[in-house]
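Single-structure report; data block below.
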Amino acid sequence: MRIDVVSIFPEYLAPLELSLIGKARQDGLLELNVHDLRTFTTDKHRTVDDTPYGGGAGMVMKPEPWAKALESVAGASEGAGAAEDSRKPVLIVPSPAGERFNQALAYELAEEEQLVFACGRYEGIDERVIEWAEEHFTVRPVSLGDYVLNGGEVAVLAMVEAIGRLLPGVVGNPESLIEESHSDGLLEYPVFTKPSSWRERDVPPVLLSGNHGKIAQWRRHEQFRRTADRRPDLLAEFDAGSLSRADRNAFKDLGYDVVDGRLRLRGGQED
Ligand code: SAM
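This is the structure we're talking about:
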C-alpha cells in the first residue's frame with residue numbers, strides 16, 4: 011500500500027517512523043510519504059489560508075495550494091507505474107463533519123492500493139477542493155469521533171496506525187487481529203500475565219486450568235459481559251442469530267433475550 015499525507019506540519023507525522031508502522035515502512039510493506047502543503051504555494055509568505063466568505067471567525071485553507079498538492083500526489087502515483095485499470099486513490103479528508111472512523115472502515119481502507127490524507131487546519135479546507143478532487147480521487151471525509159481537534163494530523167496518526175496494522179505482515183501474529191476488540195462486533199475479554207497472584211488479586215482460576223474449551227468459553231462470556239457493561243450500543247448491532255445455547259444463556263444472565271436474531275434488553279425500550 012502507498013500512503014501520502016499532506017499537511018502544513020509534516021513533523022507532526024514523525025511518530026509514523028516508529029514501532030510497527032515504522033518497521034513496515036522499512037520492510038517495504040508500506041510506502042508512506044509526507045508532503046508539506048506550503049511547498050505548493052507561490053507567494054513569498056507561503057500563504058495557505060484566507061478569511062472566510064460570508065464573514066465569521068477563523069481562517070479557511072485556500073484551494074489552489076491544495077489542488078497543486080493533490081495533483082502532484084495523484085500524478086506521482088500514475089507516474090509510478092500504476093496499472094491503467096487500477097482504482098482511483100482514496101482521498102481521506104479528516105473532518106469532524108465526516109463519517110465516523112471505525113474498525114470496519116479500517117478493514118475496508120486496508121484493501122486499497124493508495125490512500126491520500128489531506129490534513130485540514132483552521133476552519134477547514136475550501137469546500138470546492140472536496141468537489142474538484144472527485145476527478146482524481148474517491149473522496150471520503152472521515153471523522154475520528156464526535157469532538158473537534160485543531161488539525162487533521164492526530165486523526166491521520168490514528169487512522170494510519172489502525173489501517174497499517176491490518177496490512178499482511180505488519181503484525182507478527184495475525185491471530186491477534188482476529189481476537190481483538192471490534193473484530194467481531196464485541197469488545198475483547200480481559201487479559202492477565204504473571205504473577206498469578208499480585209497484590210492480593212488472583213488471576214481467574216479458569217485461566218490456570220489448562221482446559222482450552224473452558225478458557226475459550228470463559229473468554230467469550232467475558233466479551234459479552236464487558237460489551238454489555240461498557241458498550242451496550244454495540245450489542246444492538248450484534249448478529250445474535252447463530253449464538254449457541256450456552257451463549258444465549260450467558261446473555262440471558264446479563265438481561266438480554268434473542269428476538270429475531272437480535273439482542274433485546276429485557277424490559278428495555280422498543281424503537
Ligand atoms: N470548523 C470545523 C468544523 O466545525 O467542522 C472544524 C475545523 S478543525 C478546528 C480543523 C481541522 O481539524 C479540520 O479541518 C480537520 O482536518 C481536523 N479535525 C478536527 N476534528 C476532527 C475529527 N473529529 N476528526 C477528524 N479530523 C478532525
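For the numbering used here, count along the sequence shown from 1 and bump the result up by 10.
Even glycine gets a Cβ: it sits at the ideal position worked out from N, Cα and C.
For A128, the beta-bridge partners assigned by DSSP are V16. Scanning its chain for C-beta atoms nearer than 6 Å, with the 5 sequence neighbours on each side dropped, one finds no residue around G182.
In the three-state scheme derived from DSSP, where H, G and I count as helix and E and B as strand, D37 is classed as coil. Here the C-alpha atom of L176 lies approximately 27 Å from the C-alpha atom of H222.
Placement of the Cβ of S105 at a distance of less than 6 Å from at least one heavy atom of the ligand SAM is found.
Secondary structure of M169 (DSSP, three-state): helix. In terms of Cβ geometry, Q233 and Y266 do not form a close pair [threshold 7 Å]. The beta carbon of R241 is closer than 8 Å to those of L197 in its chain, skipping five residues each way along the sequence. Distance from the CA of S254 to the CA of G271, rounded to the nearest whole angstrom, comes to 12 Å. Take the alpha-carbon of K54 and the one of L42: they are about 29 Å apart.
DSSP places I140 inside the alpha helix (DSSP H), whose first and last residues are E137 to A143.
If you look at T148, you'll find it in the beta strand (DSSP E) that goes T148 to S153.
Using a cutoff of 6 Å, the CB of L159 counts as near the ligand SAM, since one of the ligand's heavy atoms is closer than that. Excluding five sequence positions before and after W142, the CB atoms of its chain that fall closer than 8 Å to its own CB belong to P73 and A77, given in chain order. The criterion of a C-beta distance shorter than 7 Å is satisfied by A79 and F50. In the DSSP annotation of this structure, the continuous segment of the beta strand (DSSP E) that includes L275 starts and ends at R272 to L275.
Annotated three-state conformation of Y117 is helix, per DSSP.
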